[in-house]
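Residue numbers (the numbering used here): 3 to 237.
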């Protein structure tokens, strides 16, 4: 999905791209392949240890806090961030700095989840296994909100880009309803937050033991939160 949008925005040879909150090397690799050796990429994060070597050899990794540090100098043709702003405390300042970093004609591509648009793990709640999955998803959303995430942030991106002075603002949303990747993500998420779900009284150990077993049967259609992608153009 991300790489499809990058292609739609016309990222091509010789351009300069900034990947904000890069995490690992996989997402920065898409723009890096398009800009080629004549272009350049910058991948930033507050922890750069996960970025590693981005294929193509044109991307520099640098420690940077988008809400606190000045934008990198030089101007960019593309500024992209994925699943970052929803977790940033000062989202407005982070967005302002990303827009400031764009060259005239440069394109922002902001992608963030919006769990409030589709809050269910199993939209087809057809039995007790699906109801348990949806209750665990509700608990996960509660934990995320307690830690400062805005669960309705994704839908605001088009309005925020217009307010920042961007032209040609567009947006779409995507979420799969079932598939192996959804099942793997769900299993990993439950393993990660198991202790918190139990300690906060949102689930029991027995329920959390049952859920991965239910997922492993392949009979649950597990959806993800919608991913909203919004883009525009700096005048």
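Note that beta-carbon positions come from the ideal geometry of N, C-alpha and C, so glycine has one too.
Close beta carbons around residue i, own chain, < 8 Å, minus the five adjacent residues each side
{"i": "residue 93", "result": "69, 87, 152 and 155"}
{"i": "residue 191", "result": "142"}
{"i": "residue 146", "result": "117 and 153"}
{"i": "residue 91", "result": "69 and 150"}
Bridge-paired residues (DSSP) for residue i
{"i": "residue 78", "result": "104"}
{"i": "residue 19", "result": "43 and 80"}
{"i": "residue 231", "result": "113 and 174"}
{"i": "residue 62", "result": "44"}
Among the options, nearest to residue i - alpha-carbon criterion
{"i": "residue 111", "options": "132, 54, 29 and 75", "result": "29"}
{"i": "residue 49", "options": "237, 26, 131 and 89", "result": "26"}
{"i": "residue 71", "options": "22, 35 and 43", "result": "22"}
{"i": "residue 149", "options": "223, 8, 195 and 51", "result": "195"}
{"i": "residue 238", "options": "189, 175 and 4", "result": "No answer is possible for residue 238: the residues shown for the chain start at 3 and end at 237."}
{"i": "residue 75", "options": "17, 105, 90 and 172", "result": "105"}
{"i": "residue 42", "options": "176, 220, 78 and 222", "result": "78"}
{"i": "residue 20", "options": "168, 202 and 84", "result": "84"}
{"i": "residue 237", "options": "212, 213 and 166", "result": "166"}
Residue i versus residue j: straight-line alpha-carbon distance, rounded
{"i": "residue 144", "j": "residue 205", "result": "12 Å"}
{"i": "residue 114", "j": "residue 231", "result": "7 Å"}
{"i": "residue 164", "j": "residue 235", "result": "10 Å"}
{"i": "residue 54", "j": "residue 62", "result": "10 Å"}
{"i": "residue 170", "j": "residue 45", "result": "26 Å"}
{"i": "residue 159", "j": "residue 103", "result": "18 Å"}
{"i": "residue 24", "j": "residue 82", "result": "9 Å"}
{"i": "residue 217", "j": "residue 186", "result": "9 Å"}
{"i": "residue 139", "j": "residue 3", "result": "23 Å"}
{"i": "residue 107", "j": "residue 100", "result": "14 Å"}
{"i": "residue 6", "j": "residue 207", "result": "41 Å"}
{"i": "residue 120", "j": "residue 228", "result": "7 Å"}
Cβ-based neighbour list, residue i, same chain, cut-off 7 Å, excluding 5 preceding and 5 following
{"i": "residue 11", "result": "80, 109, 111 and 233"}
{"i": "residue 184", "result": "178, 224, 225 and 226"}
{"i": "residue 17", "result": "37, 41, 79 and 80"}
{"i": "residue 222", "result": "124, 131, 132, 135 and 216"}
Cβ-heavy atom distance, residue i to the ligand SAM, below 7 Å
{"i": "residue 200", "result": "Questions concerning the ligand SAM fall outside what the structure shown contains, since it holds no ligand whatsoever."}
6 Å Cβ shell around residue i - same chain, five flanking residues per side excluded
{"i": "residue 31", "result": "56 and 57"}
{"i": "residue 13", "result": "33, 36 and 80"}
{"i": "residue 132", "result": "124"}
* To do: Kindly provide the ranges of any alpha helix (DSSP H) runs that are 4 or more residues long and lie completely inside the stretch 152-215, ordered along the chain.
  => 159-165 and 182-201
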